[in-house]
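Undergrad: Positions 4 to 139 (this note's numbering) are the ones given, in order, by the sequence shown. Idealized CB from N, CA, C, for every residue including glycine.
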Amino acid sequence: MSFWGNYQHTLDAKNRLFIPAKFREGLGDSFVLYSPKNDNCLYAYNVAEWESICAEVIESGNLDMQRYIFDDAISVEPDKQGRITIKAEFCKRVGLKKDIVVAGVGKRVEIWDAQKREEAMQRAVARADTYPEIHF
4 MSFWGNYQHT LDAKNRLFIP AKFREGLGDS FVLYSPKNDN CLYAYNVAEW
54 ESICAEVIES GNLDMQRYIF DDAISVEPDK QGRITIKAEF CKRVGLKKDI
104 VVAGVGKRVE IWDAQKREEA MQRAVARADT YPEIHF
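If you want it as structure tokens, here you go:
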């Protein structure tokens, strides 16, 4: 499944965030939340996609890379209202405050602080003329 589009939501005082139904369908009843150390957002993967990533990391045989990647992943399950709880460490690392954007990015869903996403999108738009041409 591919994810696309974005939704604005708020993070509550208990670090709970609503995940849109469209994304929950593709992510499944339980999915992986990953906090990359080199990006300003969180990544959410369905289990099948995460297992594919895991296999590639394990097959590399690189123990340092395995520690680096697997240290920052957790399994989450939306509650009956469609919310997940994001651990405080993840919120702090990527600067999640109150206003959040949940965005589909192909094989993953990204969770952004709204202001940081706006800045990232401005950079993406400014570089658009360098992207390969896609024929629709």
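Under a three-way DSSP split, which group does Arg27 fall into?
TA: helix
Undergrad: Where Ser33 and Lys25 are concerned, what is the direct C-alpha to C-alpha distance, given to the nearest angstrom?
TA: Going from the Cα of Ser33 to the Cα of Lys25 covers about 15 Å.
Undergrad: With C-beta atoms as the reference, is Arg120 less than 8 Å away from Leu20?
TA: no
Undergrad: For the alpha helix (DSSP H) containing Tyr71, name the first residue and the last one.
TA: Leu66 to Phe73
Undergrad: With distances taken between CB atoms, is the gap from Asp111 to Tyr10 smaller than 8 Å?
TA: Per the sequence shown, residue 111 should be read as Arg rather than Asp. No; because the gap between Cβ atoms is not below 8 Å, this pair is not in contact.
Undergrad: By alpha-carbon positions, which one of Glu136, Thr133, Ile89 and Asn65 ends up nearest to Ile22?
TA: Ile89
Undergrad: With respect to the beta strand (DSSP E) encompassing Trp53, which residues constitute its N-terminal and C-terminal limits?
TA: Judged by DSSP secondary structure, Trp53 falls outside any beta strand (DSSP E) and instead within the alpha helix (DSSP H) spanning Val50 to Glu62.
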